[in-house]
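Following: one structure in structure tokens, then a few remarks.
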Amino acid sequence: MDVKRLTGTFGARITGVDLTQSLEPSSVDAIREAMGAHGVLFFPGQRVMTSEEQIALAASFGEVETPPWLTKYSTHPQVLVVEFDHPKGSGVDVWHTDATYMEKPPAGVFIQAHILPEAGGDTCFASMEAAYDALSAPMRAMLDGLSAQHSRAELFAATKDRDQYDAAATDVAPPVSHPLVTVNPATGRKRLFFCNLYAKRIEGLSQAESDYLLAFLTDHVKNPEFQLRVQWQVGDLAFWDNHACQHFAVPDYKGQRRMQRVTLLGYRPRGVTERPGAGLAA
350 MDVKRLTGTF
360 GARITGVDLT
370 QSLEPSSVDA
380 IREAMGAHGV
390 LFFPGQRVMT
400 SEEQIALAAS
410 FGEVETPPWL
420 TKYSTHPQVL
430 VVEFDHPKGS
440 GVDVWHTDAT
450 YMEKPPAGVF
460 IQAHILPEAG
470 GDTCFASMEA
480 AYDALSAPMR
490 AMLDGLSAQH
500 SRAELFAATK
510 DRDQYDAAAT
520 DVAPPVSHPL
530 VTVNPATGRK
540 RLFFCNLYAK
550 RIEGLSQAES
560 DYLLAFLTDH
570 VKNPEFQLRV
580 QWQVGDLAFW
590 DNHACQHFAV
600 PDYKGQRRMQ
610 RVTLLGYRPR
620 GVTERPGAGL
630 AA
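Under the working numbering, read the sequence shown as residues 350 to 631, first letter to last.
Structure, rendered in structure tokens:
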């Protein structure tokens with residue numbers, strides 16, 4: 350197994366491992382270690398995996414989540430197949446962390462490219478640890494003590510391709526509260542935890558103050574210094590720590606783009622003053 354950094358900030362490419370085969374414990378440990386160091390990992394040139402193979406891979410790293418909703422392309426209750434007829438305005442073409450509206454957002458995501466357009470359809474990632482570290486000390490100190498309310502109430506109302514989701518996708522749960530700064534249970538590093546899709550109000554601030562600060566943070570994570578961009582080939586698989594980075598699906602393509610996704614059961618994000626909990630280090 351060979352691990353090579355993709356940028357000076359985060360991300361790594363791993364070769365020399367066949368993810369369609371059962372992984373040895375030493376390989377699982379090595380991938381866990383790489384995840385703690387790099388936040389998002391890419392495995393190029395893998396064979397296109399069946400649903401069962403991708404589930405088995407994810408199960409090597411934790412309990413597999415049964416998503417609360419599926420798409421019309423999904424054929425297995427634990428596998429989300431993502432394909433957009435109209436990628437622009439799909440809801441994933443903004444910087445986001447997945448499902449922060451849940452009390453326990455997914456711990457990690459495995460996604461593999463199955464069908465790709467002739468050109469375009471890249472995915473960008475941004476490190477929330479690097480974004481936090483780049484803030485000034487007074488700003489970090491203020492954010493360390495704040496929490497935000499997260500909700501998906503407006504998401505599907507604004508999504509142009511609503512008909513790809515099943516009926517459960519539009520169910521709206523009560524808002525949940527998460528710290529704006531959380532701690533990586535594997536490394537102890539602090540990271541921003543919010544996203545423009547779901548974070549609606551910072552607790553304890555006026556609406557104007559909250560809107561201003563969330564707008565600042567949303568703009569801050571767009572800094573190329575925190576980012577990497579992946580150009581997919583069929584079979585390429587990505588595995589990322591959902592609590593440590595945001596991602597952005599570039600809607601610049603025409604034609605079919607199909608991605609198969611399996612997620613790891615989530616955990617409640619831990620604030621700076623809380624005791625350690627579960628995570629990808631478990």
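Using N, Cα and C, we set each Cβ at its ideal position, and we do this for glycine too.
Keep in mind it's a predicted model, so treat the numbers as computed, not measured.
Terminal residues of the alpha helix (DSSP H) in which P487 lies: 486-492
Nearest-angstrom beta carbon gap, T531 and P416 [assumed within contact, 8 Å]: P416 to T531, Cβ: 22 Å. No contact.
Contact under 8 Å by Cβ, F392 with I363: yes
S500 to Q580 span [Cα, whole Å]: 31 Å
Through-space distance from P454 to D447, alpha-carbon basis: 7 Å
Contact between the segment 412-429 and the segment 380-390 (3+ Cβ pairs under 8 Å): no
Neighbourhood of E402 by C-beta distance below 6 Å, restricted to the same chain and skipping five residues each side: T369
For R578 and D482, believed in contact at Cβ under 8 Å, the rounded distance: The Cβ separation is near 21 Å, so there is no contact.
For T424, three-class secondary structure by DSSP: coil
Cβ-Cβ separation, L529 to F543 (assumed contact under 8 Å), whole Å: 6 Å
For M608 and V430, the rounded distance between their alpha carbons: 6 Å
Sub-8 Å separation of L465 and V583 beta-carbons: yes
First through last residue of the alpha helix (DSSP H) which encompasses L566: 556-569
V389 versus R538 - alpha carbon distance: 15 Å
For G457 and L613, believed in contact at Cβ under 8 Å, the rounded distance: 4 Å
Own chain, CB closer than 6 Å to D585, minus 5 neighbours either side, in chain order: P393, A462
Buried or exposed (CB count within 10 angstroms, at least 16 for buried), F565: exposed
Chain-order list of residues whose beta-carbon lies under 7 Å from that of S496 (same chain, five-residue window excluded): S526, H527, P528, L529, E552
Given Q605 as reference, the closest of P523, S485, Y422, P374 once Cα atoms are compared: Y422
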